[in-house]
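Note that full-length UniProt numbering has the sequence shown beginning at 1, numbered continuously upward.
Backbone N, C-alpha and C fix where the C-beta goes; we use that ideal spot for every residue, glycine too.
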Amino acid sequence: MSTPRFLNLPPGVTPLKLETPQGAFAALEALPVSGVVERWPALLVPGLTGSKEDFIAVLQTLAQSGRRVLAVDLRGQYETPGPDDPGAYTCAALGADIDLLAQIVGDGEPLHLVGHSFGGLVTREAVIDGRTKFASYTLMSSGPAAIVGRRAHASRRIMEEVPRFGLEQVWHDSFEPEALSAGVPDDILAFLRKRLLSNSPVGLSRMAREVVSMHDRTEELRQVEVPTLVLFGEHDDGWPADMQAEMAQALGAEIVVVPGAAHSPAVEAPETTAAALIRFWNRAETRHMDTRSASV
1 MSTPRFLNLP PGVTPLKLET PQGAFAALEA LPVSGVVERW PALLVPGLTG
51 SKEDFIAVLQ TLAQSGRRVL AVDLRGQYET PGPDDPGAYT CAALGADIDL
101 LAQIVGDGEP LHLVGHSFGG LVTREAVIDG RTKFASYTLM SSGPAAIVGR
151 RAHASRRIME EVPRFGLEQV WHDSFEPEAL SAGVPDDILA FLRKRLLSNS
201 PVGLSRMARE VVSMHDRTEE LRQVEVPTLV LFGEHDDGWP ADMQAEMAQA
251 LGAEIVVVPG AAHSPAVEAP ETTAAALIRF WNRAETRHMD TRSASV
C-alpha cells in the first residue's frame with residue numbers, strides 16, 4: 001500500500017467534494033499559492049489500497065506550475081462512499097466515473113489524467129472509451145495487464161480474505177504487521193488503519209479481483225491519439241520495469257524511470273516525479289497549441 005510520509009496539507013491544498021450525477025467524490029484540490037491558474041488542470045487517481053493522500057507530496061509543486069490539480073478517492077475508497085454492488089467496482093465502471101470527474105474538473109478545458117497502479121487500469125478505460133478528450137495521459141507505476149509478483153499475491157489475499165474475515169481482521173493480519181515492520185510513525189499508522197477500514201469491503205475485494213485479472217489493452221490504448229507518459233520507479237515491485245518499458249515502446253509513449261523510487265514515486269521521490277509531470281504536461285500543451293495554430 002502507498003504510505004504517505006506526512007498528512008499535513010501544504011499551502012494551497014484543501015479538501016473538497018466533487019459532486020457528480022453518480023454522487024460525491026472526496027478530493028484534494030491544489031491551487032497556486034502565488035500567480036494564477038493559466039494552464040490546463042490535472043486529475044490524479046490512486047491505486048487499489050491507496051487514496052488521494054498518496055499525492056500530498058506532489059500537489060503543491062504541480063499546482064505552482066499554474067494549474068488546478070485534483071487528487072480523488074475512487075468510488076468506495078476511503079472518503080468516497082460506494083454501493084454494495086460489485087458491478088460498481090469493475091475497471092469499466094470506475095473508468096466511467098473518471099469520465100464524469102474529468103468533465104467536471106475540466107469544465108470545457110482539456111485535462112491531464114494520471115493513474116497510479118490500479119488507478120492506471122481504471123483511467124485507461126476512460127481514455128479508451130473516448131467519451132472524454134484528454135490533454136495527456138500518464139500511467140504511473142502501472143502495467144499493461146494484471147499485476148504480478150508479491151503485489152499480485154497481496155491482492156489475491158484481499159480478494160479472498162476481506163469477504164471472509166472483514167477489513168478489521170485483514171488489517172491486523174496483513175497491513176498492520178507490514179507497516180510496523182517498515183517503521184511507519186504512529187500518526188501515519190493510525191491514518192492507514194482508518195483509511196483501510198473506511199473502504200467498501202465489497203468494493204475493495206472486487207477491485208482486487210480486477211487488478212489480478214485485467215487483460216492487456218495496450219493495442220486499444222495505442223490507437224487513441226493522446227500524448228502518453230509511462231513513469232515508474234527503478235525498483236518497482238508491482239509490474240517489472242522491463243514490462244512497463246515494453247508497454248511504453250508499444251504505445252510510442254515517453255518514459256521516465258525515477259531513480260531511487262519503487263512502486264509509489266509520488267511518495268518516494270516527489271520532486272523528481274512532479275518535475276517530470278510538469279515537463280510532460282507543458283510539452284503536451286505546447287504541441288496542442290502548435291497543432292491548433294497550424295490548422296487555422
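Asked	Found
Please name the residue or residues paired with Val-258 in a DSSP beta bridge.	Gly-233
Considering only the alpha carbon of each residue, which of Lys-194, Thr-20, Pro-163 lies closest to Phe-175?	Lys-194
Below 8 Å on the Cβ atoms is my contact criterion, and I expect Asp-54 with Ser-2 to pass it. Report the Cβ-Cβ distance as a whole number of Å.	4 Å
To the nearest angstrom, report how far apart Ala-179 and Ala-154 are at their CA atoms.	14 Å
With a floor of 4 residues, list each alpha helix (DSSP H) that falls wholly inside the stretch 146 to 184, ordered by position along the chain.	149 to 165, 167 to 170, 176 to 181
Given this structure, state the Cα-to-Cα distance separating Leu-231 from Asp-84, to the nearest angstrom.	34 Å
Considering only residues of the stretch 33 to 107, which uninterrupted beta strand (DSSP E) runs meet the minimum length of 3 residues and lie entirely inside it, listed in chain order?	42 to 45, 69 to 72
Does DSSP put Phe-6 in a helix, in a strand, or in coil?	coil
Alpha carbons only, please: which of Leu-28, Gln-60, Ser-136, Ile-98 is nearest the one belonging to Leu-16?	Leu-28
Between Leu-111 and Pro-163, what straight-line distance do the alpha-carbon atoms span, to the nearest angstrom?	37 Å
May I ask you to report which of helix, strand or coil DSSP gives Val-224?	coil
Is Lys-52 buried or exposed, if buried means 16 or more other CB atoms sit within 10 Å of its CB?	buried
Taking 8 Å as the limit between beta carbons, can you name the residues of its chain near Ala-182, skipping five residues before and five after?	Thr-3
Just confirm the distance between the C-beta atoms of Pro-41 and Gly-12, as a whole number of angstroms; I'd bet it's less than 8 Å.	Not confirmed; about 14 Å, so no contact.
Please determine, among Asp-187, Leu-196, Arg-157, Arg-151, the residue with the shortest C-alpha to C-alpha distance to Glu-168.	Leu-196
If you draw a straight line from the C-alpha of Ser-141 to the C-alpha of Val-58, how long is it?	16 Å
Residue 303 and Leu-139: beta carbons closer than 9 Å?	Nothing can be reported for residue 303: it is not among the residues displayed for the chain, which extend from 1 to 296.
Looking at Tyr-137: is its Cβ nearer than 9 Å to the Cβ of Val-148?	no
State buried or exposed for Pro-270, treating a residue as buried only when at least 16 other CB atoms are found within 10 Å of its CB.	buried
What residues in its chain sit with their C-beta under 8 Å from that of His-288, if we drop five residues either side in the sequence?	Pro-110, Ala-135
Starting from Phe-118, follow its DSSP beta bridges and name the residues at the other end.	In the DSSP output, where bridge partners are listed per residue, Phe-118 has none listed.
Within 10 Å of its beta-carbon, does Gln-244 have 16 or more other beta-carbons around it, so buried, or fewer, so exposed?	buried
Just checking my contact of Arg-222 with Gly-252 at CB under 8 Å: how many whole Å lie between their CB atoms?	7 Å
Can the beta-carbon of Arg-124 be found less than 9 Å from the beta-carbon of Gly-95?	yes
Helix, strand or coil for Glu-246 per DSSP?	helix
Report buried or exposed for Gln-64, applying the criterion of at least 16 other Cβ atoms within 10 angstroms of its Cβ.	buried
With DSSP as the reference, identify every bridge partner of residue 335, one or two as the case may be.	Outside the modelled stretch of the chain, which goes from 1 to 296, sits residue 335, for which no answer is possible.
For Leu-171, which residues of its own chain have a beta-carbon under 7 Å away from its beta-carbon, when the five flanking residues on both sides are left out?	First, the residue type needs correcting, since residue 171 is Trp and not Leu in the sequence shown. These residues qualify, in order along the chain: Arg-193, Leu-196, Leu-197.
Tell me the rounded alpha-carbon separation between Gln-22 and Val-105.	15 Å
CA-CA distance, Val-226 and Thr-132?	11 Å
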